[in-house]
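Visitor: In terms of the UniProt record's numbering, the sequence shown opens at residue 1 and continues consecutively.
Note that CB positions come from ideal geometry on N, CA and C, so glycine has one too.
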Amino acid sequence: MSRRDDAPVDVLLVEDEAEAVRRIGEAFDEVDAETSVRVATDGDEALTVLTERGDEPPSVPDLVLLDLDVPRLSGLGLLEAITNEPKLARLPVLVLTQSAAVEDVRASYELAANASLTKPSEPEAYAELIEAIADFWFGRAALPTNDS
Numbered sequence: 001m002s003r004r005d006d007a008p009v010d011v012l013l014v015e016d017e018a019e020a021v022r023r024i025g026e027a028f029d030e031v032d033a034e035t036s037v038r039v040a041t042d043g044d045e046a047l048t049v050l051t052e053r054g055d056e057p058p059s060v061p062d063l064v065l066l067d068l069d070v071p072r073l074s075g076l077g078l079l080e081a082i083t084n085e086p087k088l089a090r091l092p093v094l095v096l097t098q099s100a101a102v103e104d105v106r107a108s109y110e111l112a113a114n115a116s117l118t119k120p121s122e123p124e125a126y127a128e129l130i131e132a133i134a135d136f137w138f139g140r141a142a143l144p145t146n147d148s
């Protein structure tokens with residue numbers, strides 16, 4: 001990865017299912033790249049993390065993993081907000097969904113998602129998915145810096 005030296009890759013996971021959060025966190029613990037995974041359990045919480053709408057200053061991660069089916073502000077609503085915010089528009093967002101609905105995939109890409117990935121149905125498959133994400137996004141792709 002050609003982003004920053006010695007800094008962990010900051011991942012924002014937007015996911016409301018505790019079991020998926022646990023499995024994804026464990027999978028990131030096993031990848032070669034040093035990562036920091038923060039969790040938002042709904043779209044509103046994620047938007048607060050990403051913007052200046054809370055008591056804390058905004059914190060733009062290196063990568064967002066977004067479940068479309070989160071409460072309050074939906075995943076698609078969050079994608080739209082990210083796309084419409086100039087400081088966030090280039091933020092890499094990978095959609096994680098159990099839905100294979102063509103409409104969800106199309107809507108995700110229309111709102112500038114970088115990928116639409118199917119959430120594993122088998123618990124052990126989370127490690128394989130996260131390893132593939134880490135290999136490509138942390139090892140091969142150049143991620144934008146917060147000031148680029």
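Where do the ends of the alpha helix (DSSP H) carrying Ser36 lie?
Guide: Working through the sequence shown from its first residue, we reach residue 36 at position 36. That residue, Ser36, is in no alpha helix (DSSP H); its beta strand (DSSP E) goes 35-40.
Visitor: Return the chain-ordered ranges of every alpha helix (DSSP H) run that is complete within the UniProt domain "Response regulatory" (10-134) and spans a minimum of 4 residues.
Guide: 18-30, 43-50, 75-84, 102-110, 125-133
Visitor: Taking the alpha-carbon of Ala27 as reference, which of Ala132, Leu50, Leu143 has the nearest alpha-carbon?
Guide: Working through the sequence shown from its first residue, we reach residue 27 at position 27. The residue with the shortest Cα to Cα distance from Ala27 is Ala132.
Visitor: Give me, in chain order, the residues of the same chain whose beta-carbon lies closer than 8 Å to that of Val11; leave out the 5 immediate sequence neighbours on both sides.
Guide: Translated into the one-based positions of the sequence shown, residue 11 becomes position 11. Answer for Val11: Phe28, Thr35, Ser36, Val37, Arg38, Pro61, Asp62, Leu63, Val64, Leu65, listed in chain order.
Visitor: Between the alpha carbons of Pro71 and Ala142, how many angstroms are there, rounded?
Guide: Residue numbering aside, residue 71 sits at position 71 when the sequence shown is read from its first letter. Residue numbering aside, residue 142 sits at position 142 when the sequence shown is read from its first letter. Their backbone Cα atoms lie some 31 Å apart in a straight line.
Visitor: Among Leu47, Leu129, Asp104, Ser116, which one has its Cα closest to the Cα of Val14?
Guide: Position 14 of the sequence shown, counting from 1, holds the residue named residue 14. When each option's Cα is compared against that of Val14, the closest is Leu47.
Visitor: Which residue from Leu129, Ile82, Pro120 puts its Cα closest to that of Ser108?
Guide: As a position in the sequence shown, residue 108 is number 108, starting the count at 1. Ranking the options by Cα distance to Ser108, first place goes to Ile82.
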